[in-house]
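Each remark here refers to the structure printed beneath this line.
Numbering (the numbering used here), first residue to last: 7 to 335.
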């Protein structure tokens with residue numbers, strides 16, 4: 007990560023608060039009666055993630071001059087929800103690596119990953135209640151439900167060549183953008199009663215989340231395995247139709263659509279199959295179009311944050327919206 011990376015700058019600026027969040031997270035993942043819980047959560051928590059969602063939660067509250075400490079509870083809640091979804095996702099996707107490390111379902115087993123994920127969700131709800139805010143509890147519990155619903159929607163659309171962009175955006179708004187949005191919205195809610203500012207941060211988070219997922223889709227076909235920490239073409243091998251594939255199905259030739267359909271429906275896909283997909287994407291400038299779509303959402307995020315009184319944190323949040331476009335992992 008570059009020294010000029012706004013995420014790194016925010017991490018340094020808010021290092022004390024992030025440290026308190028880490029301490030709370032570590033304390034709440036302890037279990038004397040079931041030592042596998044801290045073993046698995048420690049593995050995934052220390053595997054090198056940027057913790058961007060809890061960072062956004064803390065940054066949002068601090069940007070609005072919040073002086074108390076409930077945003078630490080919120081940030082830990084967000085990270086518990088996110089970590090739980092990662093554990094469950096790796097089981098569903100049968101993933102073997104994440105961020106260059108073996109996944110929990112490989113190091114332990116699927117049952118452990120699912121049950122520890124459930125434990126983390128329960129911890130998240132305990133922290134939600136600790137904020138003593140029904141409105142925040144409503145936002146975060148709704149977010150947890152929407153994330154799960156969207157994961158099921160994605161699962162039921164595996165290999166569905168007729169998925170369409172409307173369904174695609176419904177999936178990513180739920181499974182990715184919803185938690186970004188909730189992180190920013192609740193960070194604002196804990197700090198202010200100004201509904202316009204809360205709405206702007208909520209929209210900022212949603213736009214950042216959609217942009218983040220679009221770049222994920224882009225990198226899955228364009229990224230470097232050593233940097234990404236996972237196999238390139240992972241979405242293809244899991245038969246997930248993402249933005250570059252969907253727009254190619256919409257805009258490509260009949261022959262290309264037929265090839266995509268046949269390749270996605272294959273039970274055993276090969277690296278040569280991936281090469282054919284990449285050639286079709288290249289012929290249709292699909293990856294370039296994916297990045298253009300991501301830039302649109304990045305600009306929307308910046309527009310929302312510019313409605314907030316400017317200070318060092320809001321300026322870094324604007325820069326963060328730009329930096330997501332150029333990320334490599």
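Just so it is clear, CB atoms sit at the ideal spot from N, CA and C, and this is done for glycine as well.
Predicted model only: the values in this text are computed from it and were never measured.
Using DSSP with H/G/I as helix, E/B as strand and the rest coil, what is residue i?
i: residue 66; result: helix
i: residue 36; result: coil
i: residue 176; result: helix
i: residue 25; result: helix
i: residue 267; result: helix
i: residue 332; result: helix
i: residue 303; result: helix
i: residue 211; result: helix
i: residue 72; result: coil
i: residue 90; result: helix
i: residue 312; result: coil
i: residue 134; result: helix
i: residue 274; result: coil
i: residue 41; result: coil
i: residue 283; result: helix
i: residue 259; result: coil
i: residue 195; result: helix
i: residue 141; result: helix
i: residue 53; result: coil
i: residue 168; result: coil
i: residue 293; result: helix
Rank the options by C-alpha distance to the C-alpha of residue i and give the top, closest one.
i: residue 273; options: 245, 137, 153 and 317; result: 245
i: residue 252; options: 264, 25, 167 and 34; result: 167
i: residue 74; options: 26, 35 and 42; result: 26
i: residue 294; options: 323, 254 and 172; result: 254
i: residue 56; options: 330, 13 and 193; result: 13
i: residue 49; options: 112, 264, 82 and 84; result: 112
i: residue 354; options: 119, 266, 149 and 129; result: Absent from the model: residue 354. The displayed extent of the chain is 7 to 335, so no value can be given.
i: residue 303; options: 136, 52 and 221; result: 221
i: residue 161; options: 241, 104 and 148; result: 241
i: residue 123; options: 114, 152 and 91; result: 91
i: residue 141; options: 35, 193, 276 and 211; result: 193
i: residue 329; options: 53, 46 and 58; result: 58
i: residue 287; options: 300, 239, 326 and 322; result: 239
i: residue 53; options: 23, 31 and 107; result: 107
i: residue 226; options: 93, 297 and 94; result: 297
i: residue 94; options: 181, 29 and 148; result: 181
i: residue 243; options: 210, 262, 165 and 11; result: 165
i: residue 283; options: 301, 312, 237 and 262; result: 262
i: residue 28; options: 47, 15 and 191; result: 47
i: residue 148; options: 169, 87 and 170; result: 87
i: residue 169; options: 228, 143, 270 and 278; result: 270
i: residue 211; options: 36, 327, 11 and 30; result: 327
Residue i: buried (16+ other C-beta within 10 angstroms of its C-beta) or exposed?
i: residue 250; result: buried
i: residue 76; result: buried
i: residue 71; result: exposed
i: residue 259; result: exposed
i: residue 324; result: buried
i: residue 289; result: exposed
i: residue 110; result: buried
i: residue 177; result: buried
i: residue 276; result: exposed
i: residue 126; result: buried
i: residue 38; result: exposed
i: residue 281; result: exposed
i: residue 33; result: exposed
i: residue 256; result: exposed
i: residue 319; result: buried
i: residue 204; result: buried
i: residue 145; result: buried
i: residue 151; result: exposed
i: residue 138; result: exposed
i: residue 24; result: buried
i: residue 202; result: exposed
i: residue 268; result: exposed
i: residue 172; result: exposed
Which residue or residues does DSSP assign as beta-bridge partners of residue i?
i: residue 107; result: 104
Inset, instruction - Spell out a yes or no on whether the segment 92-100 and the segment 15-33 are touching, meaning 3 or more CB-CB pairs, one atom from each, closer than 8 Å. - result: Verdict: no, contact absent.
Inset, instruction - Count the C-beta pairs between the segment 185-197 and the segment 54-69 that are closer than 8 Å, then say yes if the count reaches three, no if not. - result: The segment 185-197 vs the segment 54-69: in contact.
Inset, instruction - Could you say if the segment 65-77 and the segment 193-207 meet the contact criterion of at least three C-beta pairs nearer than 8 Å? - result: Output reads yes: the segment 193-207 touches the segment 65-77.
Inset, instruction - State whether the segment 210-226 contacts the segment 289-309, with contact taken as three or more CB pairs (one from each stretch) at a distance under 8 Å. - result: Yes: at least three Cβ pairs fall under 8 Å.
Legend entry - Stretch-stretch touch, CB-based, cutoff 8 Å, three pairs: the segment 128-144 with the segment 78-93: As far as the Cβ criterion goes, the segment 128-144 touches the segment 78-93, which means the pair count is three or higher.
Legend entry - Sufficient close CB pairs (3 or more, under 8 Å) joining the segment 26-44 to the segment 109-126: Cβ pair count under 8 Å is three or more, so yes.
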